[in-house]
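As structure tokens, the structure follows; a few thoughts come after it.
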Amino acid sequence: MFQLSLLDHLRLTFGAVGAAFARGYGYAIASAVFAVLALVTLLLHLMFDLDASARAHASCAARLWLIREQYRALLSDLCDGAIDVDAARRG
1327 MFQLSLLDHL RLTFGAVGAA FARGYGYAIA SAVFAVLALV TLLLHLMFDL
1377 DASARAHASC AARLWLIREQ YRALLSDLCD GAIDVDAARR G
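Everything in the sequence shown is counted per the working numbering, starting at 1327 for the first residue and increasing by one.
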């Protein structure tokens, strides 16, 4: 999910504080722009549910990894002569 580091949080906070006390118009605009960007990023993340897509990808990757390991073990057994080709074809 959308996460801010401590440094990012401090920059946004003190940007707003600096704008309030120093009457810095540039700080106020920059803080507002960054706040809107953070809000838009959060809303997009929540709307498209990117975590579910990542979980589905991880699940599929885990299943494919098991198939790959079984196939590698089969090739190794065939190469070592532990099983013959006809036995491998039968299952």
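Ideal Cβ positions, reconstructed from N, Cα and C, are used throughout, including at glycine.
All of these numbers come straight from a predicted model, not from anything done at the bench.
(Q) Excluding the 5 residues flanking L1400 on each side, which residues of the same chain have their C-beta closer than 7 Å to its C-beta? (A) Residue mapping note: residue 1400 aligns to position 74 of the sequence shown, counting from 1. For L1400, where only same-chain residues beyond five positions count, the Cβ hits under 7 Å are A1414.
(Q) Tell me the rounded alpha-carbon separation between V1366 and Y1353. (A) As a first step, residue 1366 must be located in the sequence shown, where it is residue number 40. As a first step, residue 1353 must be located in the sequence shown, where it is residue number 27. Using only the alpha carbons, I get a separation of about 20 Å.
**Q.** Assigned secondary structure, S1294 (DSSP; H/G/I helix, E/B strand, else coil)
**A.** Residue coverage of the chain in this structure runs from 1327 to 1417, which leaves residue 1294 outside it and unanswerable.
Q.
Tell me which residue opens and which closes the alpha helix (DSSP H) that G1350 is part of.
A. Counted from its first residue, the sequence shown places residue 1350 at position 24. Where G1350 is concerned, there is no enclosing alpha helix (DSSP H), given that its DSSP letter is neither H nor E.
Q.
Quick check: the Cα distance between A1388 and E1395, rounded to an integer number of angstroms?
A. In the sequence shown, counting from the first residue as 1, residue 1388 sits at position 62. In the sequence shown, counting from the first residue as 1, residue 1395 sits at position 69. Near 11 Å, if we compare the C-alpha coordinates of E1395 and A1388.
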